[in-house]
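A.B. asks: In order, the protein sequence lines correspond to chains A and B. Numbers in the numbering used here are just positions in the first sequence, counted from 1, shifted up by 505. Numbers in the numbering used here are just positions in the second sequence, counted from 1, shifted up by 505. No residue lacks a Cβ here, since even glycine has one placed at the ideal position from N, Cα and C.
Number of protein chains: 2
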Amino acid sequence: MFTSVNRKNLNEEISDQIITKIVTGALPCGSKLPPERDLALQLNVNRHTLREALRKLDALDLVSIRQGDGIYVRDFRESGNLELLKYLLFSRKDITSDILKNILEIRRFISPEMAYKAALNRSDEEAKILSSLLLSDLTIEERDLAIHQSIARGSGNILYIFLLNFFNDIFREFGGLYFSFKENVAASDRFHRSIVKAICNRDGNAARKIMNDILVYAENKVSKYMESNYE
Amino acid sequence: MFTSVNRKNLNEEISDQIITKIVTGALPCGSKLPPERDLALQLNVNRHTLREALRKLDALDLVSIRQGDGIYVRDFRESGNLELLKYLLFSRKDITSDILKNILEIRRFISPEMAYKAALNRSDEEAKILSSLLLSDLTIEERDLAIHQSIARGSGNILYIFLLNFFNDIFREFGGLYFSFKENVAASDRFHRSIVKAICNRDGNAARKIMNDILVYAENKVSKYMESNYE
DNA sequence: TTGTTGTAATTGGTTGAACCATTGCACCAA
DNA sequence: TTGGTGCAATGGTTCAACCAATTACAACAA
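#1: From the DSSP output, in three-state form, read off residue 715 of chain B for me.
#2: Note down, in chain order, all residues in the stretch 541–556 of chain A with a beta-carbon under 8 Å from any beta-carbon belonging to chain B.
#3: Considering only C-alpha positions, which residue in the set A:582, A:606, A:651, A:663 is nearest to residue 693 of chain A?
#4: Below 6 Å CB to CB, which residues in the same chain sit around residue 565 of chain A once its five sequence neighbours on both sides are set aside?
#5: If you follow the alpha helix (DSSP H) that residue 656 of chain B is in, where does it begin and where does it stop?
#6: When DSSP labels each residue in this structure, what does residue 512 of chain A get in the three-state scheme?
#7: Run the CB neighbour count on residue 736 of chain A, radius 10 Å, all protein chains shown included, and call it buried at 16 or more, exposed below.
#8: Which of helix, strand or coil does DSSP assign to residue 736 of chain A?
#9: Below 8 Å, how does it come out for the stretch 593–610 of chain A and the stretch 547–562 of chain A: are there three or more Cβ pairs, yes or no?
#10: With DSSP run on the structure shown, which of helix, strand or coil describes residue 584 of chain A?
#11: So the alpha helix (DSSP H) residue 573 of chain B belongs to, where does it begin and stop?
#12: Taking only beta-carbon atoms, is residue 651 of chain B less than 8 Å away from chain A?
#13: Please name the residues in the stretch 557–571 of chain B whose beta-carbon is closer than 7 Å to at least one beta-carbon of chain A, in chain order.
#14: Does the beta carbon of residue 614 of chain A come closer than 8 Å to any beta carbon on chain B?
#15: At 4 residues or longer, what runs of the alpha helix (DSSP H) sit wholly inside the stretch 667–727 of chain B?
#16: Starting from the Cα of residue 551 of chain B, find the closest Cα among B:538, B:519, B:572 and give me that residue.
#17: Check residue 489 of chain A in the structure and name its three-state DSSP category.
#18: Which residues in chain B have a C-beta closer than 9 Å to the C-beta of residue 626 of chain A? List them in chain order.
#19: Can you grab the Cα-Cα spacing for the pair residue 627 of chain A / residue 572 of chain A, in whole Å?
#20: On the premise that residue 695 of chain B lies in contact with residue 617 of chain B, defined as a C-beta separation below 8 Å, what is that separation, rounded to the nearest angstrom?
#21: Check each residue of the stretch 582–603 of chain A: if its Cβ is closer than 9 Å to any Cβ of chain B, include it; give the result in chain order.
#22: When you compare the CB positions of residue 586 of chain A and residue 667 of chain B, do they come within less than 8 Å of one another, or not?
#23: Return the chain-ordered list of same chain residues with a C-beta closer than 7 Å to the C-beta of residue 716 of chain A, the five sequence neighbours on each side being excluded.
#24: With H, G and I counted as helix, E and B as strand and the rest as coil, what does DSSP make of residue 617 of chain A?
#25: So does the stretch 725–733 of chain B actually touch the stretch 676–695 of chain B, counting three or more Cβ pairs closer than 8 Å?
#26: When the Cα atoms are used, what is the spatial distance from residue 649 of chain A to residue 584 of chain B?
#27: In chain A, which residues lie with their C-beta within 7 Å of the C-beta of residue 717 of chain B?
#28: How would you label residue 630 of chain B, buried or exposed, when you count the other beta carbons within 10 angstroms and need 16 or more for buried?
#29: For residue 671 of chain A, go through chain B and note every residue whose CB falls closer than 8 Å to its CB, in chain order.
#30: Excluding five sequence neighbours on each side, which residues of the same chain lie with their C-beta closer than 6 Å to the C-beta of residue 671 of chain A?
#31: Can you list, in chain order, the residues of its chain with a C-beta nearer than 7 Å to that of residue 730 of chain B? Leave out the 5 residues immediately preceding and following it.
#32: Since residue 528 of chain A and residue 593 of chain A should fall inside the 8 Å C-beta cutoff, what is the C-beta to C-beta distance between them, to a whole number of angstroms?
#33: So, for residue 661 of chain B: in the same chain, excluding its five sequence neighbours on each side, which residues have a beta-carbon less than 6 Å away from its beta-carbon?
#34: Spell out the partners DSSP gives residue 537 of chain A in its beta bridges.
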């Protein structure tokens, strides 16, 4: 009914503003930012507030800060990380659709292998968790996230877990559209049951194929939605 | 000959200290940190210095900070990102070897597809850059990074670029060992020439296979080094 | 008792001024 | 050319104070 207001701290506003200037090229890589004291004056905030914003830019690997020297803009094509990509996805609406397709494509190479490994490496406890998720009263969206997460943990590869966190951050934002179609809910439901079965049976090849199939299916659907919405 | 001294700001020392407490479980997820004023007192730093450290924890998705309420530890298994993984890799020496194997394994699923896409999507300019890299006077390590980067850009998928940045951050740290062996330098040299050729010829399947072969080779080598060093 | 309201306490957010530590640079001397 | 010296610029840290959001709780009303 109502949408939550977008409440931001000053330091977030500032970091957003600078990030935008960097990724749009208004602040070219290699360029030097004004001294903190000057920049704070220009932004009309206190130096401390600016410094907190700069800490975030630093954590995003967007700038390099050197005491006694200054603040330099890094080349985000060389230093950018997935956190920055998340930022681009949510803030630059003009390229959201392209980035989303990119992400879906790569997930299709990663997740089937994750499922394969999970089928081979899963603990008995993880199998129990997976089975119980099928019977839980979570929404389809929550269950989907939980099952993927459980599979990632079962794979025994910590990078899968953290990559999945990235994917989940994305799909929490965009998953609503997908699951608003009944046919997709039904497809996910079938997928959940079959992948859990394959993993519990330690059938790696089946798990890989099942995961691949649902991702191909989802990718096609999402592509269609985006074409009809954005073009 | 000499190694650069590890110089840290106070706010970095603090964030490191808190991160360690979180990932080791000393600060369990869901728990509430002391108020900033108290915590600053305990850490013997000013509140502003602490706040800058907290900004970093926030950017790493490790804590959730709410004005008027407090600072809560998030579940890093659910929220952790690759930046955190990088941190774990460099700071927790006891699990470095496992994480490194995890990373190499996933790179083996990702990079061949990246090479395939690059062969199909590359621009003529990117092909020129690749060819010129073969003739450059970079060290083998620098050239290796540059070629992978060029391939990622040629693929046309921005996620490849940012994932590669992650891999490169890792290998800048650990690549020295690998390239200290002459046989590996020779193998990379052959790899560089053949992958560039395949991509320039727009031969996607060849590019994928060549990339896969070198990664399998490297993964085996690194595994051996780690077994002999850490066990 | 139960629910509401108002108030105080708690806690993160912001400001301002001052001083410390590091760096870069111009200048000088050997 | 090389190394030292001092100054100015700039990020790092501290202190003290106040603003703003949230929570806890007492007081009150139904």
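C.D. replies: Quick look at the numbers:
#1: helix
#2: 553, 556
#3: A:651
#4: 588, 589
#5: 645–660
#6: coil
#7: A caution first: residue 736 of chain A carries a pLDDT of 45, below 50, which makes its placement in the model unreliable, though a value can still be read off. With fewer than 16 other Cβ atoms within 10 Å, it is exposed.
#8: Because residue 736 of chain A carries a pLDDT of 45, less than 50, the predicted location of this residue cannot be relied on, and no value is offered for it.
#9: no
#10: helix
#11: Careful: residue 573 of chain B lies outside any alpha helix (DSSP H) and carries neither H nor E.
#12: no
#13: 557, 560, 561, 564, 565
#14: yes
#15: 687–705
#16: B:519
#17: No answer is possible for residue 489 of chain A: the residues shown for chain A start at 506 and end at 736.
#18: Ordered by position in chain B, no residue passes the 9 Å Cβ test against residue 626 of chain A, which lies about 12 Å from the chain.
#19: 48 Å
#20: That pair is no contact at about 17 Å.
#21: 582, 583, 584, 585, 586, 587, 588, 589, 590, 591, 593, 600, 603
#22: yes
#23: 616, 617, 620, 700
#24: helix
#25: yes
#26: 16 Å
#27: Within chain A, no residue comes near residue 717 of chain B; the closest Cβ sits about 12 Å away, beyond 7 Å.
#28: exposed
#29: 586, 587
#30: 587
#31: 682
#32: 6 Å
#33: 626
#34: A:577
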